[in-house]
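Residue numbers (the numbering used here), protein chains in the order written: chain A, 63 to 418; chain B, 796 to 1349. Single-structure report; data block below.
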């Protein structure tokens, strides 16, 4: 097993820049997720690590070994990188049965027949595919094919496992199941995983660290809690979860930072913040819908807003409020009474500051 | 009332073009002196000449299939999947042999490696050998020229399959530790096998149906295949029961084609290959590294030797003052072109006939296709599904057999009308032969029209007529256009049907070139062949440009 080190990776296709000066280190045994919308460059980075495409600039190491580099020109072929990979389409070969699919990497390496059998049995057992060895992929469900692909990637004991949106072709229920299974598997095998997805829930629930990407650039690196609670910018805040944004200005700093929101009021709210702000800085206040609560009376840190419309969602209620000609989305307990046109007071349980 | 009118029209069309001629063929094959009998088949199998024609057909068919499949697959892999240079150029250039009518190609190769062809002359001049070394007449020549005509079919089929194949199949094998060649052997080839098998059957059926090439390169030396044997049999009025025997032989030829389709269905078990229809996730071409330049050079040599050389030889012959002169500027002339265009009335007559036939036939078949597809999709007339089966049948029936059927059907006047020895019998035969093309293209575009589009028009207040005019026809127009050209091109240079059915004054371009080669008018035939080659290639390129532009707009 090994980590992956990427230094100043840039990848251009013609004149379009897919990945722009990307650097990061994946620790040995870490579950790292590249998260971003389609076209953000996450798959390109994965394919550079796999060696399917040469890098335009920069270096990639798997463990201590230099596998891709622009100067000196190095490009180790994918078959010599000792990586496992699971594709979005699974790529389970239709003309081979399940056993042949899973054991193919060992056959290539000329592992003795007996050892192949042992390792296959173990892998097939772990992935709950016992009894399906002689079936063909066409006879398997999506979830089973997905596990075959996983088995084929794991049986070779790769240094790194690359997963390219492996759950996106599964239905919602199976996807949830597989999330736990994948996470559990990683804990047991202890393998380094680089996981690519556009699904923020997958990223948050499974990863140790998340790299948020947009337009080929890193927006933020951090563990799930950091990325969710302290987004580095507006893009990260709105890509991961729902978010409301308000403009404000820092009016005072007393160990803690006080932020005054400019609006009819004026309302002053206090927030603990370790980012380095100065008096007079203009900031964006990010608040998640479920971090807004409805309060009975007006206080210095409450806001008065008007209910525009509400929908009942079973376990909770979502409302759109109008405040200072801006829409605010809130999510409150389902039994909260909110009538359209009501003027109500709200306060923020938790906010994050983003520099403008 | 209206329904019965339509139904009568459909039955009438199907009867005239399809049911009656082919029914008559089968009847003739199974009849002797007004009694049902298998004597025709027994007589055929008793004659060793027929057996050898049957054997030649199978031999040529199998060898051509093997050569085409290997050549077409390798070329497609190189151009589609690797990083050879000039891929766009080769993608177009390697298809040229399929655009040139096969009998023209046979004639062109005669100029290059025939007994007095340029290559033999050069070899003889350099080595001092007195006899020509390369032989074009007989099995060798037929196999060579047929393979060159058919490899593009494989190329197109494999290229399409490559484009549909999920590239992660191959990438998964790479990360599993397989190198480029191992991936080719373990993954690419097996996954492509159904496509390759399908292409092989198409080539085999095309090859056993071929008439122009074995007629030009086989008949002079007595090397006969079933199609040429049938042709000769139909023309030999001295032979007793010649029409019955020709019909029976035609039935045998049809059966061979059907049998090969059955075999293919048996071997390609569908379910194991059902998974392939994925979207291709943009290939990164395979890097050939050190082999990149040699592979490109090899492709160029293939292109020059197979595509350019025979055309060049024909051009040189066409501008030579007299056969057998040395190749030098002072021996060149344009008088051959002048002669065929201004001194030979038959040439203009043939051009007029062929243009008339190809324009009317492509228009009629396109309109009929629209009519049939409309019936199939938007009416509830009983038996409408059968139309498609009947109309598609001639695709599996060789042109020679269609020719025989038409003669049998129309040789005697029907209800006092005789169309035998007129241009109309040729037209009916063309329609039967080419009907399938617009049927396919129109059907394909109709398939893309979701029923909701039609329903939305009706909801918006359009009645059936309005819906047809505003929604359906505009949407199937591309299919109609491409169907029209798919008929127009081969009809313009058709030989097989015309040679069976033409009469004095009703010659087509194909017949004229063929007769010139038979009468030894090589210079004139070359000049006409050159004109045909350039017109055909020009039209093909124009259509390609046109359709690309249209795709851009959509």
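Cβ atoms here follow ideal geometry from the backbone N, Cα and C, with glycine treated the same way. Remember, it's a predicted structure, so these values are computed and weren't measured experimentally.
When secondary structure is reduced to three states using DSSP, residue 1031 of chain B falls in the coil class, being assigned neither helix nor strand. Against chain B, the CB of residue 91 of chain A has no partner CB under 8 Å away; the residue lies outside that interface.
For a Cβ distance threshold of 8 Å, residue set 961, 963, 964, 966 and 967 of chain B lies close to residue 153 of chain A, ordered along the chain.
By the CB criterion at 8 Å, residue 1335 of chain B and residue 1044 of chain B fall outside the cutoff. From the listed residues B:1203, B:1167, B:1118 and B:1000, the smallest Cα separation to residue 1053 of chain B is found for B:1000. The distance from the Cβ of residue 290 of chain A to that of residue 94 of chain A is about 16 Å, inconsistent with a contact at the 8 Å cut-off. In the DSSP assignment, residue 374 of chain A falls within the unbroken beta strand (DSSP E) covering 365-374. Around the Cβ of residue 1117 of chain B, a 10 Å sphere holds fewer than 16 other Cβ atoms; the residue is exposed. Taking 8 Å as the CB threshold, residue 982 of chain B lines the interface with chain A. Contact residues of the stretch 156-183 of chain A toward chain B are 156, 157, 166, 167, 170 and 171 (C-beta to C-beta distance below 7 Å). Looking at the backbone, the Cα of residue 348 of chain A and that of residue 219 of chain A are separated by about 44 Å.
For residue 104 of chain A, same chain residues with a beta-carbon under 6 Å away, outside a window of 5 residues either side, are 96, 98, 258 and 275 in chain order. In the structure shown, residue 383 of chain A adopts extended strand secondary structure according to DSSP, grouped into three states. In the three-state scheme derived from DSSP, where H, G and I count as helix and E and B as strand, residue 306 of chain A is classed as strand. Our two residues, residue 1227 of chain B and residue 966 of chain B, have alpha carbons roughly 47 Å apart in a direct line.
For residue 1148 of chain B, the enclosing alpha helix (DSSP H) has its first and last residue at 1140-1173.
Under the three-pair Cβ rule at 8 Å, the stretch 147-161 of chain A counts as touching the stretch 209-223 of chain A. The Cβ atoms of residue 820 of chain B and residue 1125 of chain B do not sit closer than 8 Å to each other.
Runs of the beta strand (DSSP E) lying entirely within the stretch 210-253 of chain A and spanning at least 3 residues, in chain order: 222-226. Two segments are said to touch when three or more pairs of C-beta atoms, one from each, lie closer than 8 Å; by this definition the stretch 163-178 of chain A does not touch the stretch 1001-1017 of chain B. A residue is called buried once 16 or more other Cβ atoms fall within 10 Å of its Cβ, and residue 78 of chain A, having fewer, is exposed. With respect to chain B, the C-beta atom of residue 234 of chain A has no partner C-beta closer than 8 Å. Interface annotation, residue 876 of chain B: not in contact with chain A, CB-CB separation never under 8 Å.
Residues of the same chain with a CB within less than 6 Å of the CB of residue 1167 of chain B, apart from the 5 flanking positions on each side, are 1182 in chain order.
DSSP places residue 414 of chain A in the uninterrupted beta strand (DSSP E) bounded by 414-417.
With fewer than 16 other Cβ atoms from the protein chains shown falling within 10 Å of its own Cβ, residue 1260 of chain B counts as exposed. Sequence-ordered contacts of the stretch 974-1002 of chain B with chain A read 974, 975, 977, 978, 981, 982, 985, 986 and 988 [C-beta pairs closer than 9 Å]. The beta-carbon distance between residue 1224 of chain B and residue 1198 of chain B, rounded to whole angstroms, is 7 Å. This is short enough to meet the 8 Å contact definition. Nearest C-alpha to residue 1251 of chain B among B:1146, B:1262 and B:1242: B:1262. In terms of Cβ geometry, residue 351 of chain A and residue 391 of chain A form a close pair [threshold 8 Å]. Between residue 928 of chain B and residue 1012 of chain B, the CB-CB gap reaches or exceeds 8 Å.
According to the DSSP assignment, residue 1180 of chain B belongs to the alpha helix (DSSP H) that extends over 1179-1187. Using a Cβ-Cβ distance cut-off of 8 Å, the stretch 1022-1040 of chain B and the stretch 911-922 of chain B are not in contact, since fewer than three pairs of beta carbons, one from each stretch, lie closer than that value. Only 112 from the stretch 96-113 of chain A bring a Cβ to less than 7 Å from some Cβ of chain B. The beta carbons of residue 304 of chain A and residue 268 of chain A sit no closer together than 8 Å. Rounded to whole angstroms, residue 810 of chain B and residue 1341 of chain B show a C-alpha spacing of 37 Å.
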